[in-house]
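**Student:** For reference, the structure I am asking about is given below.
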Amino acid sequence: MYAVIFKAVLNKRDSRYFETAERLRQLAKVKYGCLDFIAFTDDDREIAISYWPSREQIAAWKDDPEHRQAQHLGRTNWYRSYKVEVVKIEREYRND
1 MYAVIFKAVL
11 NKRDSRYFET
21 AERLRQLAKV
31 KYGCLDFIAF
41 TDDDREIAIS
51 YWPSREQIAA
61 WKDDPEHRQA
71 QHLGRTNWYR
81 SYKVEVVKIE
91 REYRND
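Sequential numbering of the sequence shown, starting at 1, is according to the UniProt record's numbering.
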(Lines of atoms letter the chains of each structure in order from A; the text may use other names.)
(Lines give C-alpha, C1' and ligand atoms only; values in the text may rest on other atoms or scores of the structure.)
Protein backbone atom coordinates (compact mmCIF):
# COMPACT_ATOMS: atom_id res chain seq x y z
CA MET A 1 0.00 0.00 0.00
CA TYR A 2 1.08 3.58 -0.69
CA ALA A 3 0.20 6.96 0.75
CA VAL A 4 0.25 10.31 -1.01
CA ILE A 5 0.87 13.14 1.43
CA PHE A 6 -0.08 16.59 0.14
CA LYS A 7 1.08 19.56 2.23
CA ALA A 8 0.17 23.11 1.27
CA VAL A 9 0.31 26.67 2.48
CA LEU A 10 -3.02 28.19 1.53
CA ASN A 11 -3.40 31.40 -0.41
CA LYS A 12 -7.16 31.73 -0.64
CA ARG A 13 -10.10 29.38 -0.75
CA ASP A 14 -13.39 30.10 -2.43
CA SER A 15 -16.57 28.12 -3.02
CA ARG A 16 -15.03 26.55 -6.12
CA TYR A 17 -12.15 25.24 -4.00
CA PHE A 18 -14.47 23.34 -1.66
CA GLU A 19 -16.64 22.03 -4.51
CA THR A 20 -13.58 20.87 -6.44
CA ALA A 21 -12.02 19.21 -3.40
CA GLU A 22 -15.16 17.19 -2.70
CA ARG A 23 -15.61 16.19 -6.34
CA LEU A 24 -11.98 15.09 -6.66
CA ARG A 25 -12.11 13.10 -3.44
CA GLN A 26 -15.06 11.10 -4.78
CA LEU A 27 -13.46 10.70 -8.21
CA ALA A 28 -10.23 9.37 -6.67
CA LYS A 29 -12.15 6.76 -4.71
CA VAL A 30 -14.67 5.66 -7.34
CA LYS A 31 -12.65 5.79 -10.56
CA TYR A 32 -9.05 5.31 -9.42
CA GLY A 33 -9.28 3.01 -6.41
CA CYS A 34 -8.23 5.36 -3.62
CA LEU A 35 -8.79 3.44 -0.39
CA ASP A 36 -9.13 6.40 1.96
CA PHE A 37 -8.70 10.16 1.85
CA ILE A 38 -8.36 12.43 4.87
CA ALA A 39 -7.60 16.15 5.05
CA PHE A 40 -6.97 18.68 7.79
CA THR A 41 -6.64 22.46 7.77
CA ASP A 42 -5.05 24.62 10.46
CA ASP A 43 -4.96 28.37 9.83
CA ASP A 44 -3.17 28.70 6.49
CA ARG A 45 -1.87 25.13 6.24
CA GLU A 46 -3.48 22.03 4.80
CA ILE A 47 -2.45 18.41 4.80
CA ALA A 48 -4.22 15.65 2.89
CA ILE A 49 -3.32 11.98 2.96
CA SER A 50 -4.70 9.49 0.48
CA TYR A 51 -4.09 5.74 0.52
CA TRP A 52 -3.63 3.67 -2.62
CA PRO A 53 -3.09 0.00 -3.53
CA SER A 54 -0.46 0.74 -6.22
CA ARG A 55 1.80 3.37 -7.76
CA GLU A 56 0.07 2.78 -11.09
CA GLN A 57 -3.24 3.94 -9.62
CA ILE A 58 -1.53 7.02 -8.18
CA ALA A 59 -0.04 7.81 -11.60
CA ALA A 60 -3.41 7.38 -13.32
CA TRP A 61 -5.02 9.69 -10.75
CA LYS A 62 -2.30 12.30 -11.21
CA ASP A 63 -2.99 12.36 -14.96
CA ASP A 64 -6.79 12.58 -14.72
CA PRO A 65 -7.93 15.64 -16.76
CA GLU A 66 -10.15 17.05 -14.01
CA HIS A 67 -7.39 16.55 -11.45
CA ARG A 68 -4.87 18.27 -13.74
CA GLN A 69 -7.22 21.25 -14.09
CA ALA A 70 -7.51 21.43 -10.29
CA GLN A 71 -3.72 21.24 -10.01
CA HIS A 72 -3.46 24.28 -12.27
CA LEU A 73 -6.02 26.19 -10.19
CA GLY A 74 -4.12 25.21 -7.07
CA ARG A 75 -0.84 26.59 -8.42
CA THR A 76 -2.40 29.81 -9.70
CA ASN A 77 -5.06 30.58 -7.07
CA TRP A 78 -5.42 28.41 -4.00
CA TYR A 79 -1.90 27.60 -2.76
CA ARG A 80 1.13 29.74 -1.99
CA SER A 81 3.23 26.59 -1.96
CA TYR A 82 2.75 22.85 -1.81
CA LYS A 83 4.67 19.61 -1.51
CA VAL A 84 3.68 16.07 -2.49
CA GLU A 85 5.26 12.96 -1.00
CA VAL A 86 4.54 9.41 -2.18
CA VAL A 87 5.51 6.81 0.40
CA LYS A 88 5.32 3.04 0.59
CA ILE A 89 3.71 1.77 3.77
CA GLU A 90 5.87 -1.03 5.08
CA ARG A 91 3.89 -1.83 8.20
CA GLU A 92 0.66 -0.83 9.89
CA TYR A 93 -0.43 -1.10 13.51
CA ARG A 94 -4.02 -0.69 14.67
CA ASN A 95 -6.11 -0.63 17.79
CA ASP A 96 -9.73 -0.35 16.71
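Note that CB positions come from ideal geometry on N, CA and C, so glycine has one too.
Source: prediction; values computed, not measured.
Could you name the residues that DSSP lists as bridge partners for T41?
**Tutor:** In the DSSP output, where bridge partners are listed per residue, T41 has E46.
**Student:** Taking only the alpha-carbon atoms, compute the straight-line gap between W52 and A60 and give it to the nearest angstrom.
**Tutor:** If you take the alpha carbons of W52 and A60, they lie about 11 Å apart.
**Student:** In or out: E46 buried (at least 16 other Cβ within 10 Å) or exposed?
**Tutor:** Under this definition E46 is a buried residue.
**Student:** Got a sec? Which residues, its chain only, sit under 8 Å from F24 by beta carbon, not counting five neighbours each side?
**Tutor:** Phe is not the amino acid found at residue 24; the sequence shown has Leu there. Closer than 8 Å at the Cβ level, and outside the excluded window around L24, lie E66, H67 and A70.
**Student:** Output needed for A28: all residues of its chain with C-beta closer than 7 Å, excluding positions within five of it in sequence on either side, in chain order.
**Tutor:** Cβ neighbours of A28 beyond the five flanking positions: C34, F37, S50 and W61.
**Student:** Report the rounded CA-to-CA distance for D42 versus K7, giving the unit in angstroms.
**Tutor:** Rounded to the nearest angstrom, the two C-alpha atoms are 11 Å apart.
**Student:** Compare the C-alpha of V30 against each of V84, N11 and D64 and name the closest.
**Tutor:** Answer by Cα proximity: D64.
**Student:** Could you have a look at I58 and say whether DSSP puts it in helix, strand or coil?
**Tutor:** It is helical.
**Student:** Quick one: is Y93 buried, meaning 16 or more other Cβ sit within 10 Å of its Cβ, or exposed?
**Tutor:** Y93 comes out exposed.
**Student:** CB-CB under 6 Å to V87, same chain, minus the five flanking residues each way: which ones, in chain order?
**Tutor:** Here the set comprises A3.
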